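Note sheet for the following structure.
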Amino acid sequence: MIYRTDSITGVCLTLYERGLSVGTQGNVSMRCEDKDFCYISPRGLHKGTQEFIPLKMRIADGVWAEFNKQTHLYPSTEAFMHLEIYKQCPSINAVIHAHPPHVVAYSLRDLGDGDFPQLDETEPIAVSHYNMPGSPHLALSVAAVARSYGSIILERHGAVTIGTTMQEAFNRMEMFEHACRVALLRK
4 MIYRTDSITG
14 VCLTLYERGL
24 SVGTQGNVSM
34 RCEDKDFCYI
44 SPRGLHKGTQ
54 EFIPLKMRIA
64 DGVWAEFNKQ
74 THLYPSTEAF
84 MHLEIYKQCP
94 SINAVIHAHP
104 PHVVAYSLRD
114 LGDGDFPQLD
124 ETEPIAVSHY
134 NMPGSPHLAL
144 SVAAVARSYG
154 SIILERHGAV
164 TIGTTMQEAF
174 NRMEMFEHAC
184 RVALLRK
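All the letters of the sequence shown, read from the start, carry residue numbers 4 to 190 under the working numbering.
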């Protein structure tokens, strides 16, 4: 099955179908046109679902997001990371966090040597060193790296790609997995 990868639903379905994210792993968000909201995949649901949570992005009294708590859905545990990326990277409109198998395998290596694969000759991959998943430390670390890179290895965790469009973020994720697969095969 081929899905449109320029929509949040299509990306979630394609990530799942291609094994780039399994079960409830990973999360996808897309900033709305008015820039005050984004939609994010919910916590604990299979990524093939077509339900997303609108989050209001704001900073007031330490509150980063508002959502309708009356629903049975809650934002991804990585919502803070998505919102921090949007805050620090105003031109970014899409964020994908996934656990592609070859990227995860690569993330388990010693990442201190700087020997990272590249998506192509012009786009290097960066690393965000280990922080507890879902933590503010991870959010701040990844967002700081995202200011200069579109594809980020999360040490011992997975991958984050960003884009001005959902299609760009998805293309980066797919190329990221391919680059890590090739890098691991040549070792």
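Cβ atoms here follow ideal geometry from the backbone N, Cα and C, with glycine treated the same way. On a predicted model such as this, the values are computed, not experimentally measured, just so you know.
C-beta contact flag for residue i and residue j at 8 Å
i	j	result
ALA97	ILE165	yes
SER144	SER131	yes
LEU86	LEU48	no
ALA172	PRO103	no
ILE99	ILE128	no
MET169	ASP9	yes
LEU193	LYS50	Nothing in the structure corresponds to residue 193, since the chain is present only between 4 and 190.
ILE56	ALA146	no
Residue i, DSSP secondary structure in three states
i	result
GLY13	helix
ARG175	helix
CYS92	coil
VAL98	strand
PHE25	Before going further, note that residue 25 is Val rather than Phe in the sequence given. Coil.
TYR42	strand
LEU48	coil
PRO103	coil
DSSP beta-bridge partners of residue i
i	result
LEU157	SER131 and GLY161
GLN121	PRO127
CYS35	The partner list for CYS35 (beta bridge, DSSP) is empty, contrary to what the question assumes.
PRO57	TYR42
GLY137	Answer is none; GLY137 lacks a bridge partner.
Where residue i falls, given that 16 or more other Cβ within 10 Å makes a residue buried
i	result
SER44	buried
MET135	exposed
THR12	buried
VAL185	exposed
ALA108	exposed
SER151	exposed
GLY22	exposed
GLU158	buried
HIS105	buried
Are the region 118-129 and the region 29-41 touching by the rule of at least three beta carbon pairs closer than 8 Å?
-> Counting Cβ pairs under 8 Å, fewer than three are found: no touch.
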